[in-house]
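In this note's numbering, each residue carries its 1-based index in the sequence shown increased by 91.
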Amino acid sequence: DPYTPPWHGGSQPNSSLKQHLGLVHREKAEIIKVLNSYYQSFVDVMEFRDHVYKLLNTIDASQCCFDIHVNYDLTKNYLDLVVTYTSVILLLSCIEDRKALIGMYNCAHEMIQGSGNPSYARLAQMVLEYDTPLKKLTEEFGSHTKAVTRALLSLHFLFVRRNQSAEQWRSDQLLSLISNSATMLSPASLNTACEYLSLEVIERWILIGFLLCHGCLSSNPQCLELWKLGLQGSLYISLIRDDALQIHRVTEEFFGHLKGAVSSAITCPPPHSGQLHRNRRAFLRNAVRELEVLLSHQPGLLGPKALCVFVALSLCCDEVNWLVRHAEHVTKTPEDYADSHIAELLFLTEQLRTLVHRHGPVIQRHHVQYLARHHPLQGPVSAPRGEPPTHGAADPSLKLLLFPAVDKKEKFDVSGLRLDWFRLQAYSSVAKAPMQLRESPDMGRVMNLIMFHSKMLDSLEELVVETSDLSAFCFYVRPFEKLFALTMEEPAMLRFTIAFPLICSHFAHCTHPMCPEEYPHLKSCSLGLCNSFLEEIAKPAANCIMDTCAEQRKLSEQLLPKHCASTISKAQNKKAQKQPPKKGEPERDKPGGESQRKERIVVTNMDKLHQVLSELSLSINHVPSFTVFEHMVTPAEYLSSHLETRSFVWMASCNQATQEIARPSEVLAGLRSYLAFIQSLGQFTCMDSSRIIRNVLLQQTQPLDSSEEQTLTTIYTNWYLEALLRQASTEAIVLSQLAPDTSPPSMCLGQHLGVGRHSGFGFGFFLSQGYVVPHLFCSPISCVSSQFTPHPGFPPAADNVLKRMIIIGGILSFRSMTQSGLHEVFSNRCPFLMGPIECLKDSVTPDTDIKVGATLVLLSAVGGGFALIFIHERDGNSGPEFSPCPCCRDGNAGRLPVTEWGLGLSEPSPCRAWAQHAAVSTGLSASSQPAAASPDHSLQSQAGSAGG
């Protein structure tokens, strides 16, 4: 048995034992290193047990009297101590390898140190004693039965009154401020601390307390009634975090040895609590919604009705925790343990928390006035010998509470008063105290009321956390994600989905200074869940926006000029009283017809998209930002990031097989409809629509976007090179400036070219690649080639050279016309940018210094590259022209022919380096020259050689 070393007690291990423990001997240092934290945790449990023993025995010896309504703090902490101690022992017994861990650590420790760990003997004895934990615990609490039973019986009235069905809550008008308008401004006068005490906590006190002290169940009918009432609420009770105790199964197994009427009275059949809690959640959704609306419009009510807010938060938190705890463990009738409307309850809880935080000064102002006027006790109260006297409510801090302190945002600190009251409860609850608190119950109730009002001054945040902390979701990740998935499937709940990321900010309350090693894990879990939820919210919102944009594009297509021909034709036929042809195109819907409806119940696809988008927008816009573990989270940024990655390339309708592409004017119309809708979203969402549009369009000016996909620039560039110019070079397509419709090309080039269309589309996209449009050749290439008659003795290759020159000339003419179209666009759209650039046209001359010229070239590149365009076209020159290089400045004109910097058709000159520099400055290429090509050589290679 590795648990108890065979040589423990002084004996030395024999050779056979050494052989079996050889592995432990070889890895003893590593065992000590790995198991040290586990072993010390067991030692901490043992020391905690010793302190609990001592404290419980002291309480019994002092014959303390516990009453939740009188000495609230003392009774609450006593019951918390009993439940916490029991939970720790039950968890200890659940560790299957506890004996092996303790024994192996002690073996390794003795091998290294020569003796066993000093705490090993007592620790081993404790582990053995708690092999059957409930049996040992009931033996330990046999002497504490009187104190525990008295404390639990004080809960009877409170638990019976609060643990009711939804129908009873509804008849009592629970949480309703408008049911009795006469008392709307009246402050709470009950035992306030008991009102917002968690029902889950009370239930756990009752079940675990009577499980340890079950002797009173057969002798006291009131205890038995309280026990049965507690069993009807839950199948599982929480021990620590996600560790739960199946109370009914444990009760049946533990009380199995009891026979007869006692056993049947104590054990209770499993309740049908699923429907009970489902009805409670339905009631709370309506009641808390009404409460939140009223307090939002009248925040002044938060002062006198703060208790009602904390009661609502406590009830909501109890129902959410119950659902999560049972959804993880219960497999039968799962429909009772799943709620697709839980998001609304979570959202309303967050709304109440926000109201308390936002209007904290209102609450403080009311309770400063309340405490300044109430002094029910005067003078010090006697205390046991050796202890300082307590001052009760006559504490000087109450007299110093001034109304202007709230306006000055001064921090209040009344914790000393509450500590004095706690000490007074302890001193006056023992049997030999000169003043018995149980003989003055009214004093205890009044002091508990004052303690609640004092917490409204300096412990408001702590009270919010106590009543509405949902950090348990951090340990119930799978149920948390299931509830979120159910919410996303319910259209009416989409507006409340933001509650799930907001709850992730609660997870910081799970951390503890004594467990710093948990902080990174809890932080990563919180941020991971928050990021996952926001991504799942933003993704359908982005899809909905893009679908709505597509619908808007369809509507804008109905307004394109190409669709008006049929309308005009019908109007002319009707005017001329001509019969329309029997067989023709189907009649198209007129623009605006989608808005005409015979009845409102008819729902279009656009209506559905708008409905979903409005719900998701309400969720995303609920808060501009919130904090999760010191990280600022902005929900709108998730939607913006999704929209920035969406592409508009599909609008070009590019077909590589048939070389077909959409008209630029149609793409522009569709793009404008998209941008108009996205820009309108800026009025309803927190996202920066201008930034989204700017980032998306700027990506389309590059060869590839952020997803490494082709952009509109690349698609149209390739089409102009591969389709348009190639067909023009083979005389398959012609553009006539005078009558383009009378030319016999295979496709109408006028649909894709022309200054008007390209000016509208803003084809500055394509300038970065050097290819764009407007007019092309005025006559077919065959007409150009007919102007040249080769000499009879001319070599055959000259014909190929001539055709090649004609192709290159067409490309350069194409570029020149493209630049003229671009000039027109920017002159209309960016006159403030074109003004300074036009001034450069007259500033750069052939005599300009090279450094000045290079600076102007760089400036023009920053401004859009138009300065060189204008410089090239100075004096009517359409070809490329540059200032002379230093070696030619005093010589001939510094003009470089086309053949010099792109085609390799002439001898290299000393000006090649200058030409390359100028070509690079203008975005042109002076790369390696291609070899002589046949007449049908690839047009793209020609364009690359000529620099586009």
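Yeah, the Cβ is synthetic: ideal placement off N, Cα and C, and Gly gets one too.
On a predicted model such as this, the values are computed, not experimentally measured, just so you know.
Close Cβ partners of Thr175 (< 6 angstroms) along its chain, the five nearest in sequence each way excluded
none
When the Cα atoms are used, what is the spatial distance from Tyr518 to Arg241?
18 angstroms
Take the Cβ of Tyr196 as the centre, count every other Cβ of all protein chains shown within 10 Å, and call the residue buried at 16 or more, exposed below.
buried
In terms of residues, what are the limits of the alpha helix (DSSP H) holding Asp164?
163-184
Assigned exposure category for Asp511 - 16 Cβ within 10 Å defines buried:
buried
Taking a contact to mean a Cβ-Cβ separation below 8 angstroms, would you say Val379 touches Val447 in this structure?
no
Helix, strand or coil: how does DSSP classify Phe717 here?
strand
For a quick check, are the C-beta atoms of Leu730 and Ala633 less than 8 angstroms apart?
yes
Should Val341 and Gly394 be called a contact, given that it needs their Cβ atoms to be closer than 8 angstroms?
no
If you drop the 5 nearest sequence neighbours on each side, which residues of the same chain put their C-beta closer than 7 angstroms to that of Gly451?
Leu551
Do Leu398 and Tyr287 come within 8 angstroms of each other at the CB atom, strictly closer than that value?
yes
Would you identify the three-state DSSP class for Val724, choosing helix, strand or coil?
strand
Nonlocal neighbours in the same chain, by C-beta distance under 8 angstroms from Arg372, ignoring five residues either side:
Glu410, Leu414, Asp430, His432, Ile433, Leu436
Reference Leu336; option with closest CA among Glu915, Glu419, Met925, His544
Glu419
Along the chain, where does the beta strand (DSSP E) containing Leu336 start, and where does it finish?
334-337
Looking at Leu214 and Ile193, is the spacing between their C-beta atoms short of 8 angstroms?
yes
Just how far apart, CA to CA, sit Leu365 and Leu577?
Per the sequence shown, the amino acid found at residue 365 is Gly instead of Leu. Rounded to whole angstroms, Gly365 to Leu577 spans 18 angstroms at the Cα level.
Would you give the residue range spanned by the beta strand (DSSP E) that Ser132 belongs to?
Element bounds for Ser132: not the beta strand (DSSP E) but the alpha helix (DSSP H), 119-153.
Those residues which DSSP pairs with Gln801 across a bridge:
Leu795
Hey, Asp164 and Gln516: beta-carbon distance below 8 angstroms or not?
yes
Report yes if the CB atom of His160 is closer than 8 angstroms to the CB atom of Arg536, and no otherwise.
yes
Mark Gln790 as exposed unless 16 or more other C-beta atoms lie within 10 angstroms of its C-beta, in which case mark it buried.
buried
Which of the three DSSP states, helix, strand or coil, is assigned to Glu71?
A query on residue 71 cannot be resolved here, the shown segment of the chain reaching from 92 to 1039 and no further.
Whole-number beta carbon distance between Phe575 and Phe543, since they are thought to touch under 8 angstroms:
About 35 angstroms; that fails the 8 angstroms criterion.
On the DSSP letters alone, give me the boundaries of the alpha helix (DSSP H) that Tyr196 sits inside.
189-204
Quick one: residues in its chain with C-beta nearer than 6 angstroms to the C-beta of Glu706, no 5 flanking neighbours on either side, listed in chain order?
Leu585, Arg586
Residues sharing a beta bridge with Ser329, DSSP:
Ala335
Please list, in chain order, all residues of the same chain as Met275 whose beta carbon is under 6 angstroms from its beta carbon, the five residues on each side excluded.
Leu268
So His38 and Leu330 are supposed to be a Cβ contact under 8 angstroms. How far apart are they, rounded?
Outside the shown range of the chain (92 to 1039) lies residue 38, about which nothing can therefore be said.
Look up Gly351 in the DSSP assignment and say whether it is helix, strand or coil.
With a pLDDT of only 48 at Gly351, under 50, the local geometry of the prediction cannot be trusted, and the value read off the model is given with reservation. Three-state DSSP puts Gly351 in coil, outside helix and strand.
With DSSP as the reference, identify every bridge partner of Asn746, one or two as the case may be.
Glu751
If distances are taken between C-alpha atoms only, which option among Ala667, Ala641, Gly926, Met137 comes closest to Leu219?
Met137
Which same chain residues, not among the five before or five after Pro487, have their C-beta less than 7 angstroms away from its C-beta?
Note that Pro487 has pLDDT 48, beneath the 50 cutoff, so the model's placement of it is unreliable and no number is given.
Report the residue from Leu181, Arg332, Phe768, Cys307 whose alpha carbon sits nearest the alpha carbon of Met697.
Phe768
Measuring only the C-alpha atoms, how far is Glu210 from Asn712?
The sequence given here has Ser at residue 210, not Glu. Approximately 58 angstroms between the Cα atoms of the pair.
Same chain, Cβ closer than 6 angstroms to Phe591, five either side skipped, listed in chain order
Phe575, Phe624
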